[in-house]
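These notes concern the structure reproduced below.
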Amino acid sequence: MSGLTTCTSSSSACKALTPTPKPAQVSTTLTQNLKAPSDEPGADKISPVARQLSDALQRANQRDASLNRDQLRAVAQKALAQIHSVRIAPPHAIHDNERPDSDDSEILERARKATDFKNNLGHNPFKGMSPELLAAITYDESGAFTLHERNAAWSESYDQRQVWKHKVVAEAMLEYSLTRGDTRIYGQMLDYYRTQPAIEQAQMPDNHEKHLLEKITSIIDNPDQWHDVSLYDVLRRWLTAQPQQTLFSIMASDSQMPESTLPEVARPFKTATQPGDAMAVKIALEKAIAPCLPVKPQAS
Numbered sequence: 017m018s019g020l021t022t023c024t025s026s027s028s029a030c031k032a033l034t035p036t037p038k039p040a041q042v043s044t045t046l047t048q049n050l051k052a053p054s055d056e057p058g059a060d061k062i063s064p065v066a067r068q069l070s071d072a073l074q075r076a077n078q079r080d081a082s083l084n085r086d087q088l089r090a091v092a093q094k095a096l097a098q099i100h101s102v103r104i105a106p107p108h109a110i111h112d113n114e115r116p117d118s119d120d121s122e123i124l125e126r127a128r129k130a131t132d133f134k135n136n137l138g139h140n141p142f143k144g145m146s147p148e149l150l151a152a153i154t155y156d157e158s159g160a161f162t163l164h165e166r167n168a169a170w171s172e173s174y175d176q177r178q179v180w181k182h183k184v185v186a187e188a189m190l191e192y193s194l195t196r197g198d199t200r201i202y203g204q205m206l207d208y209y210r211t212q213p214a215i216e217q218a219q220m221p222d223n224h225e226k227h228l229l230e231k232i233t234s235i236i237d238n239p240d241q242w243h244d245v246s247l248y249d250v251l252r253r254w255l256t257a258q259p260q261q262t263l264f265s266i267m268a269s270d271s272q273m274p275e276s277t278l279p280e281v282a283r284p285f286k287t288a289t290q291p292g293d294a295m296a297v298k299i300a301l302e303k304a305i306a307p308c309l310p311v312k313p314q315a316s
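Residue numbers for the sequence shown, in our numbering: 17 to 316.
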């Protein structure tokens, strides 16, 4: 793609065109940071918790390296179907009695906390854990983790993605209000995708990275063309013009924006029958980054 080699700007969009290396495996750091106390001076003893998590990462790395994208997607779908099938009420209460095959007090206590979390009786024991570790636990089929632990790990991963989503949306809105630029959000989506574990990437559209790169290079190479059809431009004009004009009236009367050239995420507004409100900007941006986010299942 010629646009990838001619970009000289220091903007976030141009930076996004440079492949981002996958994050280094964290197994070594993990085992260094979770040492168990030892009676012997200078001893370097690994705690059972650190070893369990390090082993999970190793299994995840081996799995991701040996399976293709379609196979990883199938593994993820199977694991998530199992995790999300667990109910709070009987007859699934059998999972509340599930225990790890360990006599370590920390491992057993974490499993108990995961059960309490599933039953709305406590906090998530995996709060703040890295995405790599959360994915390793969520999709681990070795039996090292209880189903409630895997569910809790997935829940924390979901919450972290929601935090990322709200941050990206807010930054995109601020960027456009200040610079009238709309490339940053695509660069952030690309960076986010590239730093996800392979099994998480496999659950996103197959052409996700290519699509984002095309968006970025198209905006860089044809800024005027993109300005004419920018969803953010339409939304900004609407926010400036209301209440004299509704979002519907601006889009319906804009001769430069026939429906065929509207960004896909903007087309539902073309046929809107009710005036929108200020939340439309946020909603539209959230729809734009939806492919990066998991869908939280309905409570069963």
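Beta carbons: idealized from backbone N, C-alpha and C, even for Gly.
Compare the Cα-Cα distances from residue i to each of the options and report the closest residue.
{"i": "K134", "options": "A168, S121, E122", "result": "A168"}
{"i": "S70", "options": "I153, D86, A90", "result": "I153"}
{"i": "R79", "options": "E230, R67, A218, I232", "result": "A218"}
{"i": "T131", "options": "S82, E122, E165", "result": "E165"}
{"i": "P64", "options": "D112, A188, T162, I123", "result": "I123"}
{"i": "V185", "options": "A66, D86, T162, I201", "result": "I201"}
{"i": "A76", "options": "K129, V102, E148, A95", "result": "E148"}
Rounded to whole angstroms, what is the Cα-Cα separation between residue i and residue j?
{"i": "N140", "j": "A151", "result": "15 Å"}
{"i": "H100", "j": "R210", "result": "26 Å"}
{"i": "Q178", "j": "M145", "result": "15 Å"}
{"i": "E216", "j": "A92", "result": "8 Å"}
{"i": "A160", "j": "P116", "result": "6 Å"}
{"i": "L83", "j": "K226", "result": "21 Å"}
{"i": "D119", "j": "A127", "result": "12 Å"}
{"i": "D121", "j": "I62", "result": "For clarity, residue 121 is Ser in the given sequence; the question names Asp instead. If I take the Cα positions, the gap works out to 15 Å."}
{"i": "E343", "j": "M220", "result": "Outside the shown range of the chain (17 to 316) lies residue 343, about which nothing can therefore be said."}
{"i": "Q74", "j": "L88", "result": "16 Å"}
{"i": "D175", "j": "T233", "result": "31 Å"}
{"i": "Y81", "j": "L190", "result": "What sits at residue 81 in the sequence shown is Ala, not Tyr. Straight-line Cα distance between these residues: approximately 39 Å."}
{"i": "F142", "j": "S173", "result": "9 Å"}
{"i": "E187", "j": "Q204", "result": "10 Å"}
Quick check on the burial criterion: 16 or more other C-beta atoms within 10 angstroms. Buried or exposed for residue i?
{"i": "H182", "result": "exposed"}
{"i": "A97", "result": "exposed"}
{"i": "S171", "result": "buried"}
{"i": "E157", "result": "exposed"}
{"i": "G138", "result": "exposed"}
{"i": "A90", "result": "exposed"}
{"i": "K231", "result": "buried"}
Taking the runs of the alpha helix (DSSP H) that are 4 residues or longer, which of them lie wholly in the region 117-155? 121-134, 147-154
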